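Take a look at the structure set out below.
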Amino acid sequence: MKKTRRQFLSGVGRAGAALAAFSIVPARVLGAHAPSTRINVAVIGTGNQGTPDMQLFLTEDDVQVVAVCDVNRASGGYRNADQFLGREPARKLVDAYYAGQTRSGAYRSCAAYLDFREVLARPDVDAVVIVVPDHWHRVMTVMAAEAGKDIYCEKPLSLTVADGRAMVAAVRRYGVVLQTGSHERSRRQTRFAVELARSGRLGQLRKITAVVGPWNKSGPESGWQPTPVPEGFDYERWLGPAPWAPYHQDRCLYNFRFNLDYSGGQVTNYGAHSLDMAQWGNNSDRSGPVEIADAGSEWPTDGLFTVAKVVHFRARYANGVELECITRDDNVACRFEGTEGWVETGYKGLFAEPASLLRADLDPHERIGTNANHIRNFLDAIKTRTDPIVPVEVGHSSATLCHIGNIAMQLKRRLRWDPAAEKFSGDDEANRLLSRARREPWA
Ligand SMILES: NC(=O)c1ccc[n+]([C@@H]2O[C@H](COP(=O)([O-])OP(=O)(O)OC[C@H]3O[C@@H](n4cnc5c(N)ncnc54)[C@H](O)[C@@H]3O)[C@@H](O)[C@H]2O)c1
Numbered sequence: 138m139k140k141t142r143r144q145f146l147s148g149v150g151r152a153g154a155a156l157a158a159f160s161i162v163p164a165r166v167l168g169a170h171a172p173s174t175r176i177n178v179a180v181i182g183t184g185n186q187g188t189p190d191m192q193l194f195l196t197e198d199d200v201q202v203v204a205v206c207d208v209n210r211a212s213g214g215y216r217n218a219d220q221f222l223g224r225e226p227a228r229k230l231v232d233a234y235y236a237g238q239t240r241s242g243a244y245r246s247c248a249a250y251l252d253f254r255e256v257l258a259r260p261d262v263d264a265v266v267i268v269v270p271d272h273w274h275r276v277m278t279v280m281a282a283e284a285g286k287d288i289y290c291e292k293p294l295s296l297t298v299a300d301g302r303a304m305v306a307a308v309r310r311y312g313v314v315l316q317t318g319s320h321e322r323s324r325r326q327t328r329f330a331v332e333l334a335r336s337g338r339l340g341q342l343r344k345i346t347a348v349v350g351p352w353n354k355s356g357p358e359s360g361w362q363p364t365p366v367p368e369g370f371d372y373e374r375w376l377g378p379a380p381w382a383p384y385h386q387d388r389c390l391y392n393f394r395f396n397l398d399y400s401g402g403q404v405t406n407y408g409a410h411s412l413d414m415a416q417w418g419n420n421s422d423r424s425g426p427v428e429i430a431d432a433g434s435e436w437p438t439d440g441l442f443t444v445a446k447v448v449h450f451r452a453r454y455a456n457g458v459e460l461e462c463i464t465r466d467d468n469v470a471c472r473f474e475g476t477e478g479w480v481e482t483g484y485k486g487l488f489a490e491p492a493s494l495l496r497a498d499l500d501p502h503e504r505i506g507t508n509a510n511h512i513r514n515f516l517d518a519i520k521t522r523t524d525p526i527v528p529v530e531v532g533h534s535s536a537t538l539c540h541i542g543n544i545a546m547q548l549k550r551r552l553r554w555d556p557a558a559e560k561f562s563g564d565d566e567a568n569r570l571l572s573r574a575r576r577e578p579w580a
């Protein structure tokens, strides 16, 4: 990221501070691209992650953010107390940003929508950024692909294995570009660790440890009572394809990730980064393990939150590599252990043994990935009509690993997985958990 971008992002998540940041306009946005040659982007879901994602798109000088969409008009109640988000704060952010670009003449007001179908119906929208809870990813992605929109879909790509498969089919059928939001792939440090693992610099790869974070919120205990739906929040549209359930504020904004009806918990939330790294480093990111088993996960017995409280499972790949997924406070990390050393990358940094591995001068053929940031990589893929760094198949197989890990932990037994057929062998109960019913009219 360039310095100008960081200055701009210093305001992320706090509408007031972010508005103040708009007075710093990077020189490169002043008129390099005429409005008619820009990629028109709409952001669907302007909450905790949608708002910073939107700000990253805004600072790309060949992008025009023309629309935002959220079922929440404006409120607090997101991850942090100082976040006041929703479609109206998002629209104001966009308008303030473009209004600050007076010399470019780029100012066009941004429209705010409640219903994403109105966004998809706009012929001038080239690409959509889908940053809604996971239970909406399939429906929105498939409908966006049908409408011919290119798609940036946040991680985890899917809520179920069947959802991911449907998303792959739609993206390929309609020939649109999809980037999965597993942005750790576009980080130099991640790529370097993966390059060491894939190139044989660690000797023969033996074991991978993937870290996911613990619960960072606590939910209502047993006996919780429904609370009134806040004014300006369309709860029915928020639920969409998920099973109907009485409203509680800890069900929806941000906290949806602790409820299995809308998410897979921290396995899918953080695993969409750390298990994605594991798959990449093992060179199996369009495939998966052949065996997977619970290793001591812990689950809540009552209350509103239903996802695994302590994540712990083990898996084995056809090449003999063992994978262990554990819960740890540093949230995201992946360690690759080979016969001649190990490397670990994650939120805490990059570590290796022997430390000389960190100074390895890799040959060009050992290099993978790109130097572009994740969003730039998506925009370049739109222009060249090529796959971005985390195309739909890769997002799908990383999410699949998260889902089958969840299923093994739920069933508490060893499961045999066929990565080509995307089914468990000889276990009907496990196979039934690979898909879910969707509520009308979203089925
Ligand atoms: N790449 C990352 O590191 C990263 C980080 C955080 C979240 N995420 C992902 O982003 C997604 C959203 O997570 P979040 O933390 O921003 O959640 P959030 O609850 O803070 O925001 C989601 C927003 O989507 C809105 N929404 C829900 N249904 C909608 C609909 N039908 N139409 C329009 N808007 C709708 C909600 O009202 C809310 O404002 C999740 O898939 C999550 O995993 C990715």
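Quick note on numbering: the sequence shown equals residues 138 to 580 in my numbering. Yeah, the Cβ is synthetic: ideal placement off N, Cα and C, and Gly gets one too. None of these values were measured; they are calculated from a predicted model.
Under a Cβ-count criterion, where at least 16 other Cβ atoms within 10 Å of its own Cβ denotes burial, should Ser434 be classed as buried or exposed? Here the question's residue 434 lines up with position 297 in the sequence shown. The residue in question, Ser434, is buried, as its Cβ has 16 or more Cβ neighbours within 10 Å.
Does the Cβ of Gly182 lie closer than 7 Å to at least one heavy atom of ligand 1? Here residue 182 is taken as the residue at index 45 of the sequence shown, counted from 1. Checking the Cβ of Gly182 against ligand 1 gives yes.
Buried or exposed: Pro528, going by 16 or more other Cβ atoms within 10 Å of its Cβ? The count along the sequence shown starts at 1 and reaches residue 528 at position 391. By the 10 Å Cβ count, Pro528 comes out buried.
Contact the region 520-540 vs the region 319-327: 3+ CB pairs below 8 Å: yes
Inside the region 261-304 only - alpha helix (DSSP H) runs reaching at least 4 residues: Counting whole runs of 4 or more residues, the region 261-304 contains the alpha helix (DSSP H) stretches 274-283.
Using C-beta distances below 7 Å, list every residue in its chain close to Tyr372, excluding the 5 sequence neighbours before and after it, in chain order. Locating residue 372 in the sequence shown gives position 235, where the first residue counts as 1. Here the set comprises Val366, Tyr384.
Identify the continuous alpha helix (DSSP H) that holds Ile429 and give its terminal residues. The count along the sequence shown starts at 1 and reaches residue 429 at position 292. Looking at the DSSP string, Ile429 is not in any alpha helix (DSSP H); the run it does join, the beta strand (DSSP E), is 428-431.
Could you check if Gly425 belongs to the surroundings of ligand 1, using beta carbon to heavy atom distance under 7 Å? As a first step, residue 425 is located in the sequence shown; it is residue number 288 there, counting from the start. Every heavy atom of ligand 1 is 7 Å or more from the Cβ of Gly425, so no.
Euclidean distance between Cα positions of Leu571 and Lys549: Reading the sequence shown from its first residue, position 434 is the one you call residue 571. Reading the sequence shown from its first residue, position 412 is the one you call residue 549. Using only the alpha carbons, I get a separation of about 16 Å.
Based on DSSP bridge pairs, tell me the residues matched to Cys462. As a working mapping, residue 462 is identified with position 325 in the sequence shown. Cys462 is bridged to Ala347, Phe450.
Kindly examine ligand 1 and report whether one of its heavy atoms sits closer than 7 Å to the Cβ of Gly318. If you number the sequence shown from 1, residue 318 lands on position 181. Within the cutoff, so yes.
Taking the CB atoms as reference points, tell me whether Ala409 and Pro293 lie closer together than 8 Å. Counting from one through the sequence shown, the residue named residue 409 turns up at place 272. Counting from one through the sequence shown, the residue named residue 293 turns up at place 156. Contact flag set, yes.
Environment of Arg165 [buried if 16+ CB atoms lie within 10 Å]: Taking the first residue of the sequence shown as position 1, residue 165 is located at position 28. In this prediction, Arg165 scores a pLDDT of 36, lower than 50, which makes its location untrustworthy; the coordinate-derived value is nonetheless stated afterwards. Arg165 should be labelled exposed.
Between the alpha carbons of Asn353 and Tyr407, how many angstroms are there, rounded? Numbered from its first residue, the sequence shown carries residue 353 at position 216. Numbered from its first residue, the sequence shown carries residue 407 at position 270. Just so you know, the alpha carbons of Asn353 and Tyr407 end up roughly 12 Å apart.
CA-to-CA distance, Arg451 to Ala432, given in whole angstroms: The count along the sequence shown starts at 1 and reaches residue 432 at position 295. The count along the sequence shown starts at 1 and reaches residue 451 at position 314. Straight-line Cα distance between these residues: approximately 6 Å.
Whose C-alpha, out of Lys344, His502, Phe473, Glu474, is nearest the C-alpha of Arg453? Translated into the one-based positions of the sequence shown, residue 453 becomes position 316. When only C-alpha atoms are compared, the closest one is Lys344.
Do Leu412 and Ala330 have their C-beta atoms closer together than 8 Å? Position 275 of the sequence shown holds residue 412. Position 193 of the sequence shown holds residue 330. Taking 8 Å as the Cβ cut-off, Leu412 and Ala330 do not qualify as a contacting pair.
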